[in-house]
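Line by line, the protein sequences are chains A and B. To get the numbering used here, take the position in the first sequence, counting from 1, and add 2. To get the numbering used here, take the position in the second sequence, counting from 1, and add 1107.
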Amino acid sequence: MRIGYYPGCSLEGSSKEYNDSLFAVAEKCGVTLEVIKDWSCCGASAAHNLNHDLALALPARTLALAEKQGLEDIVVPCAACYSRIAGTKNEISNNIAVKAKIEGYIDLKLTADVKILTVFEFLQKYIFPTVDQHIVNKLNQKAACYYGCLYTRPKEIAAVEQIENPMEMDEVMAKAGATPIDWAFKTECCGAGLSVSRTDIVAKLSGKIIEDAADRGAESIVVACPMCHMNLDMRRPEIKKQLKKDINIPVLFITQALGLSMGIPADKLGLNKHYVPTDKVVNCIVKMEA
Amino acid sequence: MARIGVFICHCGENISATVDVAKVAEKAGKLSGVAFSVDYKYMCSDPGQTLIIEAIKEHKLTGIVVAACSPRMHEGTFRKAAEKAGINPYFCEMANIREHVSWVHPKSDATTQKALDIVRTMVAKVKKNAALFPIKVPVTKTALVIGGGIAGIQAALDIANAGHQVIMVEKKPSIGGHMSQLSETFPTLDCSQCIMTPRMVEVAQHPNITLHTYAEVESVSGFVGNFDVKIKMKAKSVDYKKCTGCGACWQKCPSKKIPDEFNEGMGFRTAIYSPFPQAVPNKPVIDRPNCTYFTKGGKCGLCKKVCPADAINYDAVDEFIDVKVGAIITATGFDLKHADFFPEYGYGKFKDVIDGMQFERLASASGPTAGEIRRPSDGKVPEKIVFVACAGSRDKAKGIEYCSKICCMYTAKHAMLYKHKNHEGKAYVFYMDIRAAGKDYDEFVRRAIEEDEVQYIRGRVSRIYEKNGKLIVKGVDTLMNGEPVDIEADMVVLATAVVANIEAESLAQKLHISYNKHKFFAEAHPKLKPVETNTAGIMLAGACQSAKDIPESVSQASASASKAIGLFSSNELTREPIVAVVNRQAPPNFTSCTGCLLCQEVCPYHAIETEDIKDRGGNLIKRAARVNAGLCQGCGTCVAMCRNKSIDLQGFSNDQMLSEVMALLNA
């Protein structure tokens, strides 16, 4: 099976550590990811607010290119990209007229048969079969898995089984030797794209998430979405002002957390690229006995 | 030689405004075999019928075609007219030129041509018609009522009071159903048990009602007027002939920690138990999987030792009885959607998040708290309760698109009961819409809001979680610009969706009645046959058909009882002879049927039996199919399946159908 990879803009820029840690984990398990050649923007936020056809055409082009390249599964680590691409696939597969129209725009044919995988689906499917032999550390900490909105809705493309109580990342964290906690803000809104225009709202919403995780004793928050990561990590000074207290729980990408359990060095996983220091997480780790 | 009369109806202007009726009558008159043809303004009117009768007599017609509306509308009318004129009524056919022509096409020559085409096919058909005679089947004047809740009780009492025998089967140890669990009832707030228990007693004491509790319907065969039902009598382990219901056994039973179903898991019962003090019959059964005697190989036996009537029988086994009934009323009720359906609401995770039925038990004088509203976790009286309406209902994402109908009313009632008992308490209701369309219903909800100061918040709850010993209910107020609302509550009551009884599907399959995708039983027609099923002789009562409150359940129960009583009003049933028949031939063939019985496989009504054809010495010559005319609904599936045309449908024979098609093709 040839596995495609769609980085999107975030994984090449603000969330480079997500990209690096994903490749590090894949490499450790001998899994190769092929970047979709000449991929284009998924259209997140801008396109689908302005023009529905454009919002479908952009991901459709990427899907068509992936098919041309002979890829059967494609991993889309960014939640916004996942939502756009999976949403497009869903709409095109269920409406012949829309499919024909979009094929006309992009001047490419597509079957929309490729499977779109989130990172945690990718881990379950390709990494889990061999991961046990690579796990050398126990993360040994209470982790709050935060899913946000884009993986859990709309129902038609939800990447999780129980949309109101997703457990997929919790399973990955248990594998990494952490204790996933039961908490109330798994799927609450982080403020998303208001990060720039209304930082005050982001501080309020993300603040509640961080506060509940802290109240329930979480030592780390684990995410799979670059936007969530940015709001929970980069906006911490604003959150601190909002909460009137300093909560310094680090926020990790799920691939970074799994990478740590596999003994991959922290700098290779990009742990030094966060605003909230991650030493606490690293300090919890215990070596597993052979 | 056929002499057919054709009667073209104008239906006022319904047909004549679009179809050139005079032209159709004229052309029809020239068709082969047509001896008379005429058009008239209202064929179904008295003069119209007289016209038909006179024409039949005058022109010595052998068959008639009435080109008018759908046969569903007036076939019976015109067949009666034909009969009055002295011909067999099944020599009357209808050509539907209203629903199939004038109502669906504009005025044009093509429309008139289509009307004529249809008339032509029916003329071709009627020439092949045969005289048919109604089928008579005997009726067993006993009704089976399945389910002993309020709907079943009402239906049983109505039928019994009309002088007919009733057999009631209830799977639990007592009749009473959900209504016996309720505290007060809306919109009058009268005590549920006070109005319910007298009716339960009436059932038990009625000379025409035979009550089987702790029993289930095992299998059903037969047909309207003549059902054969096997009833499984589960082993009660108590001899009811000896038992006096004194209660010595359950007072001494050492297994005291079994979650009490009647109290919805809030409280405990013993292994030998009667579900509640007003139970009917008020005699216990042994819950074997929870009884020490049965689980620990004969250890214990205390109930037997203390029973003064020597009624305990550990060796009792399940027994089966066969009964014959003429009508069946299903009144199997509903369930509430249960745990793990609401991970976001913490139902099943937080002890103080309960469902509506649990609240009923808390508010009930016979409940685990003797009617004081105390929360399950620590027994404290909650200062703030949040009620969540539509917990699962009207929620496509949860797979339940329908409205559970009773929740708006009972939620208002719950909030009211709480406020009446705790004047200082605060009650909030999250709702989508308030659906209170019943007599005195909206007034009741307004009373909750205006007099009892229940705070209604229009919006959904996204999540409920525990924090510092409080339940945080996160919702939204859509009337306040979508403002998020967080309420710190001491207890939350979810109005969970009403769903079909968990055993509804298997019962429907035993009864051969249809059900919808949510497993609610299907009525024969949503408006005009709301209590009958598609299987003749089986009626529906109460929430087994759809979510219903008490007044509606009782109304439907009485309606289904009236259907049963109507069925029992004569000694024989008359049925339309539109049934399949297996052909008969002279010996040595007897029939062309080879007994492959493919027809039996496809028959949706289980109407195909086998018949052994024997010679005079009793030796088997061949085995052939035979149609049970009582069960056959005339669908014709068997005809399509039969490989050598041995089976045919009376009134719609292959020959008749083919003549119709040929008439169309040979235009």
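The C-beta atom is built at its ideal place from N, Cα and C for all residues, glycine as well. On a predicted model such as this, the values are computed, not experimentally measured, just so you know.
With a CB to CB cut of under 6 Å and the five nearest residues on each side skipped, what residues in its chain are close to residue i?
i       : result
B:N1206 : It should be pointed out that residue 1206 of chain B corresponds to Glu in this sequence rather than to Asn. Cβ within range, chain order: S1177.
B:L1223 : V1131, K1134
A:V77   : Y7, L119, F124
A:D75   : I5, K117, L119
B:K1341 : Y1321, D1425
Short check: CB of residue i to CB of residue j, under 8 Å?
i       : j       : result
A:E36   : A:I87   : no
A:L125  : A:L262  : no
B:R1542 : B:P1241 : no
B:F1427 : B:E1323 : no
B:I1571 : B:V1561 : no
B:G1255 : B:M1229 : no
B:I1436 : B:S1667 : yes
B:A1714 : B:L1680 : no
B:T1399 : B:S1344 : no
A:A220  : A:V121  : no
B:N1529 : B:V1488 : yes
B:Q1757 : B:K1232 : no
B:V1310 : B:L1264 : yes
B:I1452 : B:V1493 : Correcting the residue type first, residue 1452 of chain B is Tyr in the shown sequence and not Ile. Result no, Cβ atoms of B:Y1452 and B:V1493 do not sit closer than 8 Å.
B:A1434 : B:A1250 : yes
B:V1638 : B:A1438 : no
B:V1686 : B:G1741 : yes
A:A186  : A:D214  : yes
B:P1294 : B:D1547 : yes
A:Q258  : A:L273  : yes
If we ignore side chains and look at the alpha-carbon of each, how far apart do residue i and residue j end up?
i       : j       : result
B:S1287 : B:S1299 : 7 Å
A:T181  : B:P1450 : 20 Å
A:E93   : A:A57   : 11 Å
B:I1115 : B:Y1197 : 19 Å
B:M1587 : B:V1709 : 59 Å
B:T1247 : B:E1767 : 41 Å
A:L52   : A:M229  : 20 Å
A:G45   : B:L1524 : 54 Å
A:F130  : A:V162  : 17 Å
B:I1480 : B:E1368 : 19 Å
B:I1754 : B:A1217 : 38 Å
A:G106  : A:A59   : 9 Å
B:G1725 : B:D1719 : 10 Å
B:G1499 : B:Q1156 : 56 Å
A:C80   : A:G150  : 12 Å
B:Y1538 : B:L1578 : 18 Å
B:I1552 : B:D1425 : The sequence given here has Val at residue 1552 of chain B, not Ile. Answer to the nearest angstrom: the Cα atoms are 48 Å apart.
B:Y1712 : A:C31   : 60 Å
B:V1141 : B:G1112 : 6 Å
B:Y1509 : B:D1502 : 8 Å
B:D1409 : B:G1474 : In the sequence as presented, Asp is not what sits at residue 1409 of chain B; that position holds Leu. If I take the Cα positions, the gap works out to 27 Å.
B:L1705 : B:A1747 : 10 Å
B:D1559 : B:A1519 : 10 Å
Who are the near neighbours of residue i in its chain, counting only those whose CB is closer than 7 Å to its CB and skipping five residues on each side?
i       : result
A:A26   : G261, I266, K270, L271
B:S1484 : K1458, D1459
A:M264  : V27, K30, H136, I137, V138
B:E1467 : Q1288, L1289, S1290
Evaluate residue i with the Cβ neighbour count: other Cβ atoms within 10 Å of its Cβ, from every protein chain shown; 16 or more gives buried, anything less gives exposed.
i       : result
B:D1417 : exposed
B:A1477 : exposed
B:Q1312 : exposed
A:I98   : exposed
A:T113  : exposed
B:I1171 : buried
A:E69   : buried
Less than 8 Å between C-beta atoms, sequence neighbours within five positions excluded: which residues of the same chain meet that for residue i?
i       : result
B:E1182 : C1199, M1201
B:P1245 : G1332, N1333, N1678, E1679, L1680
B:V1308 : V1387
Would you check whether the ligand SAH has a heavy atom nearer than 7 Å to the C-beta of residue i?
i       : result
B:V1536 : As far as ligands go, the structure on display features none, and thus does not contain the ligand SAH.
Does any residue of chain D have a CB that is nearer than 8 Å to the CB of residue i?
i      : result
A:K101 : Protein chains in the displayed structure are A and B, and chain D is not among them.
**Report entry** Unbroken stretches of the beta strand (DSSP E), 3 residues or longer, contained in the segment 118–175 of chain A
**Finding:** If we require 3 residues or more, the beta strand (DSSP E) runs fully inside the segment 118–175 of chain A come out as 144–147.
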